[in-house]
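**Student:** In our numbering, the protein residues as written are 519 to 636. The beta-carbon is built from N, C-alpha and C at its ideal position, and this holds for glycine as well. Given the structure is predicted, the values throughout are model-derived calculations rather than measurements.
(1) Any contact between the segment 613 to 626 and the segment 564 to 579? By contact I mean 3 or more CB pairs, one from each, below 8 angstroms.
(2) Could you give the first and the last residue of the continuous beta strand (DSSP E) run that contains residue 558?
(3) Kindly indicate which three-state DSSP category residue 520 falls into: helix, strand or coil?
(4) Are at least three pairs of beta-carbons, each pair with one atom in the segment 618 to 630 and one in the segment 540 to 552, less than 8 angstroms apart?
(5) Less than 8 angstroms separating the beta-carbons of residue 524 and residue 563?
(6) What residue range is occupied by the uninterrupted alpha helix (DSSP H) comprising residue 608?
(7) Go through its chain and collect everything with a Cβ distance to residue 603's Cβ below 6 angstroms, but skip five positions before and after it.
(8) Please classify residue 577: is it buried, with 16 or more other beta-carbons within 10 angstroms of its beta-carbon, or exposed?
(9) Taking the alpha helix (DSSP H) that residue 631 belongs to, which residues open and close that run?
Put into C-alpha cells, the structure is as follows:
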C-alpha cells in the first residue's frame, strides 16, 4: 500500500475531511469533525487508528506491528506499523473499525446522516 491508496480509501467515506492541524507532516482524517486516522505524510511508516479498548489489547498481543497509540490515548488508539507483516485488507478493516467507532459516538443527528449515506 502507498499513501495515495490509503488516502483514497479514507476520503471516499461519507463525511470525511482531511486536515493538517498539528504540523505540516501529520495528516488527520476526520469524520464529521472527529479524528479516526492519522498518518505522517513524509514517512508513511504507520497509521494511528481508534480502536475499541478490549480489541486494541488483543491486536497488540497478536500482532508485532500493532502498538499502543503513539502520542495518543493508549487505551483508545493503536499505531499500526507498515512493516509488511499485515495485509492491506487487514489494515483497511481496522480503518473501517476506527471510522465506525467514531461514527457510533457522534450525536444522533450526525450518526443518522452518516448511516443514511454509507
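**Tutor:** With the structure as the only source:
(1) yes
(2) Residue 558 sits at position 40 when you count from the first residue of the chain shown. Unbroken beta strand (DSSP E) run through residue 558: 552 to 558.
(3) If you number the chain shown from 1, residue 520 lands on position 2. Residue 520: coil per DSSP, three-state reduction.
(4) yes
(5) If you number the chain shown from 1, residue 524 lands on position 6. If you number the chain shown from 1, residue 563 lands on position 45. Taking 8 angstroms as the Cβ cut-off, residue 524 and residue 563 do not qualify as a contacting pair.
(6) As a working mapping, residue 608 is identified with position 90 in the chain shown. From DSSP, the alpha helix (DSSP H) with residue 608 extends over 606 to 622.
(7) Working through the chain shown from its first residue, we reach residue 603 at position 85. Correct list, in chain order: 583.
(8) To locate residue 577, count along the chain shown from 1; it is residue 59. So residue 577 counts as buried.
(9) Residue 631 sits at position 113 when you count from the first residue of the chain shown. That run of the alpha helix (DSSP H) goes 626 to 635.
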